[in-house]
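K.L.:
So my numbering is basically just the index in the sequence shown, starting at one, shifted up by 559.
Even glycine gets a Cβ: it sits at the ideal position worked out from N, Cα and C.
Before we start, here is the structure in question, set down as structure tokens.
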Amino acid sequence: MPQRAEAGDAAALASLDEACFEGRERWSEKLWEDELRASDRFVVVQRDTHELVAAATFQQVVDTADLHRVMVHPSRRGLGLAQQLVLAGIEWALGRGAERMLLEVRHDNHAALGLYRRLGFETLDTRPDYYGAGLDAQVMSADLPLRPRGADHD
Ligand SMILES: CC(C)(COP(=O)(O)OP(=O)(O)OC[C@H]1O[C@@H](n2cnc3c(N)ncnc32)[C@H](O)[C@@H]1OP(=O)(O)O)[C@@H](O)C(=O)NCCC(=O)NCCS
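Below you can see the structure in the form of structure tokens.
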């Protein structure tokens with residue numbers, strides 16, 4: 560079950576981040592501390608007993624929510640945890656009056672692209688070299704509330 564992160568979760572979030580991202584894409588413990596402290600953010604996690612196994616973070620500005628990050632420990636992927644986290648973020652954003660959600664994703668991140676498309680996000684734009692030379696970002700958007708695409712329509 561997704562739960563709001565606690566103030567003391569920064570170290571565990573940074574450790575999960577290290578297991579999910581490489582090199583310069585990693586977020587430090589300090590960055591996670593800032594994310595947990597910011598009043599316009601929603602950091603949501605999934606725990607297995609006490610271990611933090613998945614997390615996502617969102618920001619809301621006026622009527623637009625941004626999905627900043629979603630990550631699932633490699634040993635827990637393919638179980639629907641990321642989808643549950645994004646849906647929890649959408650519920651939070653809807654409660655604050657959001658009308659759409661935006662995100663950026665690396666063009667070669669097939670798992671994340673699959674997740675976002677499955678939920679009904681569509682590509683708005685491409686940002687060349689956003690993540691480094693040859694590593695473009697796709698900017699994706701979904702109107703809220705979502706209309707998830709069923710498996711039949713994939
Ligand atoms: C992307 C990520 C968060 C997906 O987490 P997950 O918990 O395995 O995803 P879910 O089990 O919730 O999958 C939901 C849907 O996403 C899609 N999906 C998930 N993994 C996929 C993969 N490897 N390839 C294609 N589609 C995939 C599928 O449509 C899936 O639905 P289905 O299983 O009913 O077909 C995970 O792979 C991850 O942590 N990656 C590293 C961090 C990252 O790149 N984050 C995104 C950028 S911030």
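According to DSSP, what are the bridge partners of Leu662?
P.N.:
As a working mapping, residue 662 is identified with position 103 in the sequence shown. DSSP lists Met699 as partners of Leu662.
K.L.:
Expressed to the nearest angstrom, what Euclidean distance is found between the alpha-carbon atoms of Ala696 and Phe580?
P.N.:
Here residue 696 refers to the residue found at position 137 of the sequence shown. Here residue 580 refers to the residue found at position 21 of the sequence shown. Going by the C-alpha atoms only, they are around 16 angstroms apart.
K.L.:
Could you pull out every residue in the same chain whose Cβ sits closer than 6 angstroms to the Cβ of Ala624, ignoring the five residues on either side in sequence?
P.N.:
For the purposes of this step, residue 624 is taken as residue 65 along the sequence shown, with counting starting at 1. Excluding residues within five positions, the ones whose Cβ falls inside 6 angstroms are Phe617, Ala652, Ala657 and Met660.
K.L.:
What residue does the alpha helix (DSSP H) around Glu577 start on, and which one ends it?
P.N.:
Translated into positions along the sequence shown, residue 577 becomes position 18. It spans Ala569 to Cys579 - the alpha helix (DSSP H) in which Glu577 sits, taken as one unbroken run.
K.L.:
Got a sec, what are the start and stop residues for the beta strand (DSSP E) Asp684 sits in?
P.N.:
As a working note, residue 684 is residue 125 in the sequence shown. Counting along the chain, the beta strand (DSSP E) containing Asp684 begins and ends at Glu681 to Arg686.
K.L.:
Say yes only if the C-beta of Phe601 is nearer than 7 angstroms to one or more non-hydrogen atoms of ligand 1, and no if none qualify.
P.N.:
Along the sequence shown, read from residue 1 onward, the residue named residue 601 stands at position 42. Because no heavy atom of ligand 1 lies under 7 angstroms away, the Cβ of Phe601 does not count as near it: no.
K.L.:
Can you give the beta carbon distance from Phe680 to Ala647, rounded, assuming they're within the 8 angstroms contact cut?
P.N.:
Taking the sequence shown and counting its residues from 1, one reaches residue 680 at position 121. Taking the sequence shown and counting its residues from 1, one reaches residue 647 at position 88. About 16 angstroms separates the two Cβ atoms, so there is no contact after all.
K.L.:
Touching or not, the region 568 to 585 and the region 628 to 639, by the rule of three or more beta carbon pairs under 8 angstroms?
P.N.:
yes
K.L.:
Report whether the distance from the Cβ of Leu638 to the nearest heavy atom of ligand 1 is below 7 angstroms.
P.N.:
Numbered from 1 along the sequence shown, position 79 holds the residue referred to as residue 638. Yes, ligand 1 has a heavy atom inside 7 angstroms of this Cβ.
K.L.:
Run through the region 568 to 641 for me and flag every whole beta strand (DSSP E) of 3 or more residues, listed as ranges in chain order.
P.N.:
600 to 607, 610 to 620 and 623 to 631
K.L.:
Below 7 angstroms, is the gap between the Cβ of Met560 and the nearest heavy atom of ligand 1?
P.N.:
Along the sequence shown, one-based indexing puts residue 560 at 1. Met560: no, Cβ never under 7 angstroms from ligand 1.
K.L.:
Taking a contact to mean a Cβ-Cβ separation below 8 angstroms, would you say Val620 touches Arg563 in this structure?
P.N.:
The residue labelled residue 620 in the question sits at position 61 within the sequence shown. The residue labelled residue 563 in the question sits at position 4 within the sequence shown. Cβ atoms of Val620 and Arg563: not closer than 8 angstroms.
K.L.:
Let me check one thing: in DSSP terms, what residues is Arg563 bridge-paired to?
P.N.:
For the purposes of this step, residue 563 is identified with residue 4 of the sequence shown, where counting begins at 1. DSSP output for Arg563 lists Val603 as bridge partner(s).
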